[in-house]
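Novice: Quick one: this structure, given as structure tokens, is what I'll be asking you about.
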Amino acid sequence: ENLFTENIGKKDNMYVLSNQLKCYGASCIAYPGVPEMIWKILKSDYYIIPSSTEEMIIIPEHRISGSVEEWNAMLYELNSAHIAAEKVLSNHCYRYIRFAKKVVMI
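Quick look at the structure:
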């Protein structure tokens, strides 16, 4: 489902950000205007979980529970057990902060 063209306003727990080819789709977060466009759809600051080189997981801020340390530990465990080493981007989560218009590592 493409949030940019369908069901705008629908707010779920998490979203997958990728490209149509599903190849190096995680890079979409760096496309000009994409972080801001995601904020406009979610109407919320959000967390970015780098699940692999193929995709990013986007979670609205109000849907996050637990500490930053717990999320980073979970990401490390998932990367270690389920993602090929060459497809791992990071063992840290990120956050988009609208007022600063930037993505920061948490």
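The numbering of the sequence shown is my numbering, which starts it at 1089 and goes up by one. Here a beta-carbon is modelled for each residue, glycine too, at the ideal position from N, C-alpha and C.
Can Val1176 and Ile1185 be called in contact, C-beta distance under 8 Å?
Specialist: Taking 8 Å as the Cβ cut-off, Val1176 and Ile1185 do not qualify as a contacting pair.
Novice: Please check the pair Ser1140 and Ile1171, which I expect to be a contact at CB under 8 Å, by giving their CB distance rounded to whole angstroms.
Specialist: Confirmed, Cβ separation roughly 5 Å.
Novice: At what residue ranges does the segment 1111–1163 contain a whole run of the beta strand (DSSP E), taking only runs of 3 or more?
Specialist: Counting whole runs of 3 or more residues, the segment 1111–1163 contains the beta strand (DSSP E) stretches 1134–1140 and 1143–1148.
Novice: Is it a yes or a no for the segment 1151–1164 touching the segment 1112–1131, going by three-plus beta-carbon pairs under 8 Å?
Specialist: Judged by Cβ distances under 8 Å, the segment 1151–1164 makes no contact with the segment 1112–1131, as fewer than three pairs qualify.
Novice: Excluding sequence positions up to five away, which residues of its chain have a Cβ less than 8 Å from the Cβ of Arg1151?
Specialist: Asn1101 and Met1102.
Novice: Just the C-alpha distance for Leu1163 and Gly1121, rounded to the nearest angstrom, thanks.
Specialist: Computed Cα separation, rounded: 26 Å.
Novice: Should Glu1149 and Ser1106 be called a contact, given that it needs their Cβ atoms to be closer than 8 Å?
Specialist: No.
Novice: With 16 other CB atoms within 10 Å as the buried threshold, where does Glu1119 fall?
Specialist: Correcting the residue identity first, residue 1119 is Tyr in this sequence and not Glu. Under this definition Tyr1119 is an exposed residue.
Novice: Have a look at Ile1194 and Ala1169 and give me their C-alpha separation to the nearest angstrom.
Specialist: If I take the Cα positions, the gap works out to 22 Å.
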